[in-house]
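First comes the structure, then the notes that go with it.
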Amino acid sequence: MWWILLFLEWLVDWARGTYWYLFGRRSGLCKGTISPLGPLVVDQNKKDRLLRKVPKNLDVIVIGSGIGGLTAAALLAKLGKIVLVLEQDKQAGGLCKTFTEKGFEFDYGFHYLGQLHENSFLKVTLDQITDGQVHFAEQSSHVDTVVIGTGTQHKEYTIYNGKKQMEAHLKKQFPNDTKAVEELFKIMKICSKKIHLLCMLKLFPLWFARFILRSGIADLISPIFRYSCTSTTDVIKSLTSNQDLLTV
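Letter by letter, the sequence shown follows residues -17 to -1, 1 to 231 of mature numbering (1 follows the signal peptide of the UniProt record, and there is no 0).
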């Protein structure tokens, strides 16, 4: 019975998609919006003057200027809506807020981000949202150091970027847990390659999504659905009892 429902759902989606492709009005998001990189503005007074410009005849008001609020506001604006973002803090941006010290701009908490190579999904998405105005500086191979303990008893573990380099370096630092490290990276690979299935599930009607999840069909399709309901800590604890590796 369930496969009939799956087929009918696919058939409806195919028909809707075909109709939109042939006769639908193109969204503003279909247009290329990448602009030449503009000047970096670190003067807070200039930023404040821009933020005080409240437009008239608003279509949408977004409460909160975190990553989610700003993303929604930017996309709605690209669709032609007049959008106002409200923030109770003195500075907009949420996790992406910055502060300036001696002429240099620093991030509050958003320090580094992976998968930003050219034509990657995340890079294309960020360019679409920001008109290509957000650029990231590439880090060196040694990106972080984890320090456990204090004084002469402390231990240091280094983190390297790149999937293969990171895995190899963790194995070198935890020679008794090489199998745990390998299994962890296998799980990470599954999650990164199948994350789109979680996004696709949100496109289905709620009743259908609940049926897929509660019937166990989702777990037969991919383990990503099971992993999405499990914390990172629980996954690593199932692989090793090494507290240092768990911390790193």
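No residue lacks a Cβ here, since even glycine has one placed at the ideal position from N, Cα and C.
Status (buried if at least 16 other CB within 10 Å, exposed otherwise) for residue i
i, result
"Ser48", "buried"
"Tyr210", "buried"
"Asp(-5)", "exposed"
"Phe87", "exposed"
"Asp160", "buried"
"Ile207", "buried"
"Leu167", "buried"
"Leu153", "buried"
"Ala56", "buried"
"Ala120", "exposed"
"Ala201", "buried"
"Leu228", "buried"
"Ile65", "exposed"
"Leu53", "buried"
"Ile219", "buried"
"Ile170", "buried"
DSSP state of residue i mapped onto helix, strand, coil
i, result
"Val164", "helix"
"Glu121", "coil"
"Lys138", "strand"
"Val25", "coil"
"residue 233", "Missing from the structure shown is residue 233; the chain here goes from -17 to 231 and no further."
"Thr108", "helix"
"Leu67", "strand"
"Ile173", "helix"
"Asp31", "helix"
"residue 297", "Outside the modelled stretch of the chain, which goes from -17 to 231, sits residue 297, for which no answer is possible."
"Ile195", "helix"
Endpoints, the alpha helix (DSSP H) within which residue i is located
i, result
"Ile200", "Ile200 to Ile204"
"Phe82", "Run containing Phe82: none in the alpha helix (DSSP H); it sits in the beta strand (DSSP E), Thr81 to Glu84."
"Val218", "Thr215 to Lys220"
"Ile50", "Ile50 to Lys61"
"Glu150", "Lys146 to Gln156"
"Phe187", "Taken as a continuous stretch (DSSP letters only), Phe187 belongs to no alpha helix (DSSP H), as it is neither H nor E."
"Gln226", "Gln226 to Thr230"
"Ile207", "Ile207 to Tyr210"
Cβ-Cβ separation, residue j to residue i (assumed contact under 8 Å), whole Å
i, j, result
"Ala163", "Leu222", "4 Å"
"Leu69", "Ile46", "5 Å"
"Val25", "Thr83", "5 Å"
"Gly115", "Ser18", "6 Å"
"Phe194", "Glu(-9)", "Not confirmed; about 10 Å, so no contact."
"Leu196", "Ile112", "At roughly 29 Å, the Cβ-Cβ gap does not stay under 8 Å, so Leu196 and Ile112 are not in contact."
"Lys80", "Gln74", "5 Å"
"Ile50", "Leu67", "At roughly 18 Å, the Cβ-Cβ gap does not stay under 8 Å, so Ile50 and Leu67 are not in contact."
"Leu181", "Ile204", "About 11 Å; that fails the 8 Å criterion."
"Val231", "Tyr91", "The pair is not a contact, with the Cβ atoms about 24 Å apart (cut-off 8 Å)."
Residue i - containing beta strand (DSSP E), residue span
i, result
"Ile46", "Val43 to Ile46"
Any non-hydrogen atom of the ligand GTP within 8 Å of residue i CB
i, result
"Ala60", "Inclusion of the ligand GTP in the displayed structure is not the case, the ligand content being empty and no account of it being possible."
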